[in-house]
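These protein sequence lines map, in sequence, to chains S and W. Numbered according to the numbering used here, the first sequence spans residues 1 to 218. Numbered according to the numbering used here, the second sequence spans residues 1 to 202.
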Amino acid sequence: MKINFKNMTINQKLALFTLVLGFLALFFRDPLKAKIITVNSSEIALKVQDKSSNISVEELADWLIRKKADFKLIDLRSEAKFNEYNIPSSINMSSTELLSLKSSKNGKILIYSDDNLQAAEAWYLLKSKQYKAVYLLSGGINAWKDKILFPSISSNASADVKAQFAKLSEMSKFFGGSPRILSGDNSASAEVKMATPKIAPPPSAPAGKGGKAKRDGC
Amino acid sequence: MMPYFKFDYFGSDTGLFFAFIIGIGFGWFLERAGFGTAKKLAAQFYFKDLTVFKVMFTAIVTAMLGIYFLSVFGFMDISELSVTTTYIVPQIVGGLMLGVGFVIGGYCPGTSVVACSTGKIDAVFFLIGVFLGIFIFAELYPLIENFSNSTNMGKVTMPAFFNIPYGIIVFLVVLMALGGFAGAEWAEKKFGYKKVEVINED
């Protein structure tokens, strides 16, 4: 059967046009799916579970001291709080600004807030926007203050803890903080000075606290 | 980016203004298609005149293709369109009731307003019936509340429900519509009265 376009009625032409459009529709990407964010839920669940996306404040302090610059440090707190105090090299951003973040999807991003909760939300947000390397500062700025700026130690702590504390004290001074010794035992600080700093993570009280805070955040 | 209202291009007052303009256009086209007369509307149930079916399906296909391609080319955010919630069983029951009313009264709610505006007396009575029905429904609502909220499927769309791409649904609906048009033409030839008579009757 030969179809003569000129002999068709207007209705038949419209029907043909509709058929062509309908057929073309098969070859376009789904407009609804393009808008919907797909999340690799098992990857996220795994990261939440093994805490591999968590960076401890000690680690961050170490990076900053070594002047590592391969990461973006983002402060999610209010502008007022940010201006009052912020971790060196950080930039202030709100969660909505974070949505329009122009940054490489593969670049390392470390986010922090007062504690873990807000940062965890932002972490999820960035993860769902396919940012590959998003990290969470474990315990947030509170942990930073507790452990890096004003680390404390009780005078009857074990030698291991004291060794770690010596390292923390140095870090603290680097960032302009002041380490504290909780009970007034003079021998404690002397012992700390003599001990060699260890790099292994300490089984100390502050670290335990940090671990708990991580769980809260996730 | 469409839909303009959802993206705050204008407020609800301006929105009502546009609704007014579009509503007048909608009514005008319904009237011009012959939807202002109960005889024509009821004739479709006897396969005598399937204009209503053809006009409605044309509207569906036009809107669907328009929305689809506007979204594909980034002029519209399809996820911002309002989707009414599906309550499958109550909606089947309600649909059957509306259908029975349609056959008996000769109008659906929208076309009864169109017919009213052209001064059809039967449409005035039909419209009184519509408001009476709304009133009775509201009064009975406490008794049927559980039923009317049952089988809630949420804001479900066909691509999401059948988990197949949007484009395939678009294509299938186009095929269905074109098949429907061909079928309607065939039925009109077989069951319909002569077109000349219809025009004279009006």
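Yeah, the Cβ is synthetic: ideal placement off N, Cα and C, and Gly gets one too. Predicted, not measured: the structure shown is a model, and the values here were computed from it.
Quick check on residue i: does DSSP put it in helix, strand or coil?
i: A19(W); result: helix
i: G66(W); result: helix
i: T86(W); result: strand
i: Y9(W); result: coil
i: A133(S); result: strand
i: K108(S); result: strand
i: A188(S); result: With a pLDDT of 42 at A188(S), under the threshold of 50, the modelled position of that residue is not reliable, and the figure given next carries that caveat. Correct three-state label for A188(S): helix.
i: G208(S); result: Confidence at G208(S) is low in this model, with a pLDDT of 36, below 50, so its placement is unreliable and the value that follows should be read with caution. Helix.
i: S90(S); result: coil
i: K40(W); result: helix
i: M158(W); result: helix
i: R180(S); result: strand
i: N149(W); result: coil
i: K81(S); result: helix
i: N156(S); result: coil
i: M176(W); result: helix
i: M8(S); result: coil
i: F102(W); result: helix
i: K72(S); result: strand
i: N163(W); result: coil
i: N253(S); result: Here chain S covers residues 1 to 218 and nothing more, so residue 253(S) does not appear.
i: N40(S); result: coil
i: M1(W); result: coil
Could you name the residues of the same chain whose beta carbon sits closer than 7 Å to that of residue i, not counting the 5 residues immediately before and after it, in chain order?
i: Y131(S); result: K105, I109
i: M56(W); result: none
i: C116(W); result: A123, V124, L127
i: M64(W); result: V170, V173
i: Y4(W); result: F10
i: F147(W); result: P90
i: T14(W); result: none
i: F20(W); result: none
For residue i, count neighbouring C-beta atoms within 10 Å of its own C-beta (all shown protein chains included) and say buried if the count is 16 or more, exposed if not.
i: E188(W); result: buried
i: Q12(S); result: exposed
i: T18(S); result: buried
i: L76(S); result: buried
i: L26(S); result: exposed
i: W28(W); result: exposed
i: D70(S); result: exposed
i: E107(W); result: It is Tyr, not Glu, that sits at residue 107(W) in the sequence shown. That one is buried.
i: K147(S); result: buried
i: M93(S); result: buried
i: P88(S); result: exposed
i: G167(W); result: buried
i: Q204(W); result: Nothing in the structure corresponds to residue 204(W), since chain W is present only between 1 and 202.
i: Y112(S); result: buried
i: Q49(S); result: exposed
i: Y68(W); result: buried
i: A120(S); result: buried
i: N4(S); result: exposed
i: D49(W); result: buried
i: K6(W); result: exposed
i: F131(W); result: exposed
i: K47(S); result: buried
i: F165(S); result: buried
i: G95(W); result: exposed
Given residue i, which residues of its chain have a CB within under 8 Å of its CB, disregarding the five upstream and five downstream residues?
i: G154(W); result: T85, T86
i: K120(W); result: G36, T37, A38
i: S103(S); result: K72, I109, Y131
i: L168(S); result: E58, K147, I148, P151, P179
i: S95(S); result: L76, Q118, E121, A122, L125
i: S150(W); result: Y87, V89, P90
So with Cβ pairs under 7 Å, would you call residue i a contact of chain C?
i: L32(S); result: Protein chains in the displayed structure are S and W, and chain C is not among them.
Apart from the five residues on each side of it in sequence, which residues of its chain come closer than 6 Å, Cβ to Cβ, to residue i?
i: L126(S); result: V134
i: F102(W); result: C108
i: L98(S); result: A122
i: F53(W); result: Q44, A184
i: D115(S); result: G140, N142
i: T118(W); result: G36
i: K171(S); result: According to the sequence provided, residue 171(S) is Met. The question's Lys does not apply to it. Cβ within range, chain order: A61, I148.
At a cut-off of 6 Å, would you count residue i as near the ligand FMN, judging by its Cβ distance to the nearest heavy atom?
i: S148(W); result: Absence of the ligand FMN from the depicted structure is noted, as is the absence of any ligand whatsoever, leaving it without description.
Task: Near-chain S residues of the segment 73–95 of chain W (beta-carbon distance less than 7 Å), N- to C-terminal order - done: D77, I78, S79
Task: Proximal residues, the segment 164–197 of chain W versus chain S, C-beta separation under 8 Å - done: P165, Y166, G167, I168, V170, F171, V173, V174, L175, A177, L178, F181
Open item on the list: Measuring CB atoms only, is the segment 46–64 of chain S touching the segment 122–139 of chain S, in the sense that at least three cross pairs come out at less than 8 Å?
Closed with: yes
- [ ] Decide if the segment 174–182 of chain S is in contact with the segment 144–155 of chain S; the criterion is three or more beta carbon pairs, one per stretch, under 8 Å apart.
- [x] yes
- [ ] Report the residues of the segment 6–20 of chain S with a CB closer than 7 Å to any CB of chain W, ordered along the chain.
- [x] A15, T18, L19
Open item on the list: Count Cβ pairs between the segment 69–82 of chain W and the segment 128–143 of chain W that sit closer than 8 Å; are there 3 or more?
Closed with: no
Open item on the list: Along the segment 119–140 of chain S, where does the CB come closer than 8 Å to a CB of chain W? Name the residues.
Closed with: none
Task: Inter-stretch contact (C-beta, 8 Å, three-pair minimum) for the segment 44–60 of chain W and the segment 178–187 of chain W - done: yes
Open item on the list: Against chain W, which members of the segment 97–109 of chain S pass a CB distance test of less than 9 Å?
Closed with: none
TODO: Taking only beta carbons into account, state which residues of the segment 153–183 of chain S come closer than 8 Å to chain W, listed in chain order.
DONE: none
Open item on the list: At a CB distance below 7 Å, what residues from the segment 132–148 of chain W approach chain S? Give them in sequence order.
Closed with: none
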